[in-house]
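Protein chains: 2
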Amino acid sequence: MLQPVPMTADRVKTIADIARIAGVSKATVSRALNDSTLVSAETRERIREIARHHGFEMNATARSLSRRQSNVVALATYPYEPFGPSESSPGFIPGDKLPDTFVLEVMSGLAAGLHARGYDLLVIQIEARDTGWISRYLDSGRVDGFVLMSANCTLKHLEALETRGAPFVVWGLDSTSHAYSTVSGDSYAGGRIATKHLLDSGRRRVAFIGGPDMEQEAQDRYRGYATALRAANVGVDESLVTYGWYSTESAKLRMQELLERHSDIDAVFACSDVMAIAAIEELRARGRRVPEDVAVVGYDDVALAAHTDPPLTTVRQAGPLAGRLLADSLIQQLQTGAVGHVSIPAELVVRESA
Amino acid sequence: MLQPVPMTADRVKTIADIARIAGVSKATVSRALNDSTLVSAETRERIREIARHHGFEMNATARSLSRRQSNVVALATYPYEPFGPSESSPGFIPGDKLPDTFVLEVMSGLAAGLHARGYDLLVIQIEARDTGWISRYLDSGRVDGFVLMSANCTLKHLEALETRGAPFVVWGLDSTSHAYSTVSGDSYAGGRIATKHLLDSGRRRVAFIGGPDMEQEAQDRYRGYATALRAANVGVDESLVTYGWYSTESAKLRMQELLERHSDIDAVFACSDVMAIAAIEELRARGRRVPEDVAVVGYDDVALAAHTDPPLTTVRQAGPLAGRLLADSLIQQLQTGAVGHVSIPAELVVRESA
DNA sequence: TGTCGTTCTGCAACCGGTTGCAAACTAGCA
DNA sequence: TGCTAGTTTGCAACCGGTTGCAGAACGACA
Numbered sequence: 001m002l003q004p005v006p007m008t009a010d011r012v013k014t015i016a017d018i019a020r021i022a023g024v025s026k027a028t029v030s031r032a033l034n035d036s037t038l039v040s041a042e043t044r045e046r047i048r049e050i051a052r053h054h055g056f057e058m059n060a061t062a063r064s065l066s067r068r069q070s071n072v073v074a075l076a077t078y079p080y081e082p083f084g085p086s087e088s089s090p091g092f093i094p095g096d097k098l099p100d101t102f103v104l105e106v107m108s109g110l111a112a113g114l115h116a117r118g119y120d121l122l123v124i125q126i127e128a129r130d131t132g133w134i135s136r137y138l139d140s141g142r143v144d145g146f147v148l149m150s151a152n153c154t155l156k157h158l159e160a161l162e163t164r165g166a167p168f169v170v171w172g173l174d175s176t177s178h179a180y181s182t183v184s185g186d187s188y189a190g191g192r193i194a195t196k197h198l199l200d201s202g203r204r205r206v207a208f209i210g211g212p213d214m215e216q217e218a219q220d221r222y223r224g225y226a227t228a229l230r231a232a233n234v235g236v237d238e239s240l241v242t243y244g245w246y247s248t249e250s251a252k253l254r255m256q257e258l259l260e261r262h263s264d265i266d267a268v269f270a271c272s273d274v275m276a277i278a279a280i281e282e283l284r285a286r287g288r289r290v291p292e293d294v295a296v297v298g299y300d301d302v303a304l305a306a307h308t309d310p311p312l313t314t315v316r317q318a319g320p321l322a323g324r325l326l327a328d329s330l331i332q333q334l335q336t337g338a339v340g341h342v343s344i345p346a347e348l349v350v351r352e353s354a
Numbered sequence: 001m002l003q004p005v006p007m008t009a010d011r012v013k014t015i016a017d018i019a020r021i022a023g024v025s026k027a028t029v030s031r032a033l034n035d036s037t038l039v040s041a042e043t044r045e046r047i048r049e050i051a052r053h054h055g056f057e058m059n060a061t062a063r064s065l066s067r068r069q070s071n072v073v074a075l076a077t078y079p080y081e082p083f084g085p086s087e088s089s090p091g092f093i094p095g096d097k098l099p100d101t102f103v104l105e106v107m108s109g110l111a112a113g114l115h116a117r118g119y120d121l122l123v124i125q126i127e128a129r130d131t132g133w134i135s136r137y138l139d140s141g142r143v144d145g146f147v148l149m150s151a152n153c154t155l156k157h158l159e160a161l162e163t164r165g166a167p168f169v170v171w172g173l174d175s176t177s178h179a180y181s182t183v184s185g186d187s188y189a190g191g192r193i194a195t196k197h198l199l200d201s202g203r204r205r206v207a208f209i210g211g212p213d214m215e216q217e218a219q220d221r222y223r224g225y226a227t228a229l230r231a232a233n234v235g236v237d238e239s240l241v242t243y244g245w246y247s248t249e250s251a252k253l254r255m256q257e258l259l260e261r262h263s264d265i266d267a268v269f270a271c272s273d274v275m276a277i278a279a280i281e282e283l284r285a286r287g288r289r290v291p292e293d294v295a296v297v298g299y300d301d302v303a304l305a306a307h308t309d310p311p312l313t314t315v316r317q318a319g320p321l322a323g324r325l326l327a328d329s330l331i332q333q334l335q336t337g338a339v340g341h342v343s344i345p346a347e348l349v350v351r352e353s354a
């Protein structure tokens with residue numbers, strides 16, 4: 001009884017304070033603020049008015065504890081390496097191919113989508129070899145589920161999540177055969193429209209530089225490429241098709257090989273902007289003008305694609321939309337257990353390289 | 001007594017379970033897992049071993065409720081606009097100048113720094129006109145503090161945070177006169193080394209294209225520029241100094257004006273990579289070769305600076321380091337109330353444009 | 001007037017940790 | 001042996017919500 005009792009009576013911090021003011025019980029306040037049908041409409045309004053008037057914010061932690069759900073989902077990222085991950089870096093994940101700002105776009109849509117449904121976004125860093133983060137975040141009740149990007153995660157992660165029964169969604173995988181939801185870009189359509197654009201401008205010898213050929217994404221883009229060619233009554237010349245890594249070195253090498261095989265190439269469809277830019281450098285080094293002699297289309301529409309020389313024509317996927325869909329899928333999964341698979345449209349951004 | 005009691009006895013979910021196994025009380029388990037001196041070393045080890053063995057993860061929510069701190073901090077971002085914020089977009093914040101991937105770098109360091117000290121990173125979106133998010137996140141106990149980036153926040157936000165007494169740190173402001181911590185790049189040093197590099201390669205007519213001249217950052221870079229010139233016994237010619245917006249249009253215009261005034265310009269120091277790239281375009285349009293006739297240095301080292309034509313020499317600030325320092329500052333503030341001001345070094349990345 | 005069904009409200013027991021305080025135990029010392 | 005101080009431990013009351021269940025209030029109907 002000696003403690004100062006610093007609570008200056010009017011600061012409304014808990015539902016108990018509101019209950020006192022309204023002359024009802026905590027339970028009623030809780031129900032009123034949660035839109036329960038177990039309070040009369042007038043009581044509910046009266047309580048809400050009091051809460052509003054006092055700028056009351058309910059304690060989310062207590063609520064989470066009680067409800068046994070945090071209303072937070074985690075986006076798994078890996079430590080960002082300014083100059084790209086390398087084999088020697090601890091968290092190296094092979095096949096990194098995300099256009100850097102794409103993550104930012106996705107994150108934006110994700111945050112917005114989650115927020116709209118009462119969830120918050122936690123960003124965590126994971127490492128290729130470790131799967132401890134799963135139970136560290138799930139069992140501790142910090143998050144209800146995860147969002148992964150195919151470029152930032154390994155098969156190991158996906159398997160661990162699946163066996164653990166963790167709710168999660170993945171961007172960029174179209175495995176309809178799994179117990180998790182996916183959202184991905186329509187690579188087939190992307191490949192098709194990119195190629196069609198080149199054909200429409202009169203090109204006939206269109207080379208294809210893909211990402212690693214074992215990846216579904218590269219295959220889908222190739223299918224789109226082939227479809228467009230056939231639709232234009234241009235045969236698919238397999239010797240114009242090549243696969244490499246998403247790096248400038250690899251792309252230059254592929255471009256070089258292609259030119260040696262076929263000096264008559266008049267267009268290139270590269271599966272990433274970085275590859276496209278490298279291809280342009282190589283083409284120029286060998287005396288070709290872009291786009292006059294050879295038109296080039298990239299993929300991703302990274303930030304500076306608009307400022308390269310020449311500005312790059314490329315295929316873009318709406319990151320914010322992807323994020324929004326990831327949010328929707330995950331929340332649906334959390335609430336109903338249903339998994340789904342969506343793909344978002346690819347859009348051609350025409351600039352000057354083709 | 002009829003309920004199925006599905007708890008398959010061995011699933012250890014709470015400290016009570018561990019207490020039962022260890023034959024001690026909840027209190028003792030709590031103390032053991034928190035490294036309290038109020039448990040004997042051997043009891044502590046025994047309990048920790050049990051916890052480890054059962055893969056126990058303590059419920060973070062309950063802990064937060066009890067401790068009245070969430071161990072989460074929020075990074076305030078604004079909805080990402082793929083093509084840059086525009087006046088007409090709802091969340092428009094003037095003066096956006098962040099190199100896009102810089103946010104990602106900062107976020108990476110921030111997440112790592114926070115994690116190392118037991119905190120998690122929440123990403124929230126705020127709007128220029130709204131300040132409701134402050135109490136929405138703070139009063140609800142979801143987060144303990146905020147991290148802002150000067151480009152993503154308005155004075156209004158800072159003031160609201162200050163009057164509200166919210167703990168927060170800001171990147172990119174060096175207001176030593178405020179009640180919050182700051183971390184920023186060493187713009188003075190950046191301006192100096194960029195200019196020195198140009199002078200060292202024999203250039204003497206070095207133009208300066210700054211960001212908005214009312215910004216501290218632009219002023220600091222100018223001071224660095226002037227210092228380098230004087231150190232090389234080259235006078236500062238104010239007519240070579242100009243300020244604009246961080247946009248291609250603005251930069252082109254400035255470059256054009258400069259060339260009209262001085263056809264003998266042999267170098268340009270631009271205060272952002274986007275400006276530098278625009279300047280290069282303008283220089284070329286007027287028949288200058290880069291870097292042969294005019295050398296150009298940018299600022300920021302955005303993602304594709306390495307892939308522009310020619311690859312851009314620029315000044316970079318280590319984003320991950322900035323993030324780490326932001327984490328440290330904020331946590332220090334949370335724990336001790338102390339505010340501080342740090343600046344991180346600027347580093348010249350020499351490529352081919354200068 | 002008695003009984004029953006609705007609708008609304010409150011009691012109190014959770015959720016899973018933390019922590020002040022008292023008690024038990026040990027050792028040291030007169 | 002008795003007393004004090006220091007170390008470990010447990011009890012129980014929190015933190016601030018949610019929710020099952022019992023009961024009150026009220027109108028309807030017999």
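For the protein sequence lines, the chains are A and B, in the order given. If you number the first sequence the way the numbering used here does, the last residue is 354 and the count never jumps. If you number the second sequence the way the numbering used here does, the last residue is 354 and the count never jumps. Cβ coordinates follow ideal geometry from the N, Cα and C atoms, glycine included. Source: prediction; values computed, not measured.
Is it true that the CB of residue j sits closer than 9 Å to the CB of residue i?
{"i": "LEU411/B", "j": "VAL106/B", "result": "In the structure as shown, chain B starts at 1 and stops at 354, and residue 411/B therefore has no counterpart that could be examined."}
{"i": "ASP213/A", "j": "ALA346/A", "result": "no"}
{"i": "ARG356/B", "j": "ARG31/B", "result": "No answer is possible for residue 356/B: the residues shown for chain B start at 1 and end at 354."}
{"i": "ILE126/A", "j": "LEU121/B", "result": "no"}
{"i": "THR14/A", "j": "VAL302/A", "result": "no"}
{"i": "SER272/B", "j": "GLY172/B", "result": "no"}
{"i": "LEU240/B", "j": "VAL294/B", "result": "no"}
{"i": "GLY319/B", "j": "SER108/B", "result": "yes"}
{"i": "ARG223/B", "j": "ASP266/B", "result": "no"}
{"i": "LEU330/B", "j": "GLY191/B", "result": "no"}
{"i": "SER353/A", "j": "VAL290/A", "result": "yes"}
Going along chain B, which residues have a C-beta under 9 Å from residue i?
{"i": "GLU162/A", "result": "The premise fails here: GLU162/A is roughly 18 Å from chain B at the closest Cβ pair, so nothing lies under 9 Å."}
{"i": "HIS157/A", "result": "Here the premise fails: no neighbours, minimum Cβ distance about 17 Å."}
Nearest by alpha-carbon distance to residue i: which of the options is it?
{"i": "GLU282/B", "options": "LEU253/B, GLU292/B and LEU110/B", "result": "LEU253/B"}
{"i": "ALA116/A", "options": "MET255/A, GLY323/A, ARG288/A and ARG230/A", "result": "GLY323/A"}
{"i": "TYR180/A", "options": "VAL147/A, GLY211/A and LEU75/A", "result": "VAL147/A"}
{"i": "ALA278/B", "options": "SER263/B, LEU312/B and HIS262/B", "result": "LEU312/B"}
{"i": "TYR299/A", "options": "ILE193/A, PHE168/A and GLY132/A", "result": "ILE193/A"}
{"i": "ASN71/A", "options": "ARG63/A, THR77/A and TYR78/A", "result": "ARG63/A"}
Is it buried or exposed, residue i, if we count other Cβ atoms within 10 angstroms and call 16 or more buried?
{"i": "LYS309/A", "result": "Position check: residue 309/A holds Asp in this sequence, whereas Lys was assumed. Answer is buried; the Cβ neighbour count reaches 16."}
{"i": "THR37/A", "result": "exposed"}
{"i": "LEU155/B", "result": "exposed"}
{"i": "ALA305/A", "result": "buried"}
{"i": "VAL350/B", "result": "exposed"}
{"i": "GLU292/A", "result": "exposed"}
{"i": "LYS97/B", "result": "In this prediction, LYS97/B scores a pLDDT of 45, lower than 50, which makes its location untrustworthy; the coordinate-derived value is nonetheless stated afterwards. With 16 or more Cβ atoms within 10 Å of its Cβ, LYS97/B is classed as buried."}
Along chain B, in chain order, which residues have C-beta atoms closer than 8 Å to that of residue i?
{"i": "SER108/A", "result": "THR77, PRO79, TYR80 and GLN125"}
{"i": "THR308/A", "result": "LEU304, HIS307, THR308 and ASP309"}
Kindly list, in the order they appear in chain A, the residues whose Cβ is closer than 7 Å to that of residue i.
{"i": "GLY141/B", "result": "ASN59, ALA60 and THR61"}
{"i": "LEU65/B", "result": "THR61, ALA62 and LEU65"}
{"i": "ASP35/B", "result": "Within 7 Å Cβ-Cβ: nothing; ASP35/B doesn't reach chain A, min ~17 Å."}
{"i": "GLY224/B", "result": "Here the premise fails: no neighbours, minimum Cβ distance about 23 Å."}
Please report the distance separating the alpha-carbon of residue i from that of residue j.
{"i": "VAL342/A", "j": "ALA189/A", "result": "14 Å"}
{"i": "TYR119/B", "j": "VAL143/B", "result": "10 Å"}
{"i": "VAL412/A", "j": "ALA16/A", "result": "There is no way to answer for residue 412/A, as the model of chain A reaches only from 1 to 354."}
{"i": "MET275/A", "j": "ARG261/A", "result": "19 Å"}
{"i": "ALA27/B", "j": "ILE134/A", "result": "27 Å"}
{"i": "THR195/B", "j": "ARG284/B", "result": "21 Å"}
{"i": "THR182/B", "j": "ASP328/B", "result": "11 Å"}
{"i": "ARG288/B", "j": "ALA218/B", "result": "26 Å"}
{"i": "LEU104/A", "j": "ALA338/B", "result": "32 Å"}
{"i": "GLN333/B", "j": "VAL296/A", "result": "52 Å"}
{"i": "THR242/A", "j": "ASN152/A", "result": "25 Å"}
{"i": "GLY141/A", "j": "HIS54/A", "result": "30 Å"}
{"i": "PHE56/A", "j": "ARG48/A", "result": "9 Å"}
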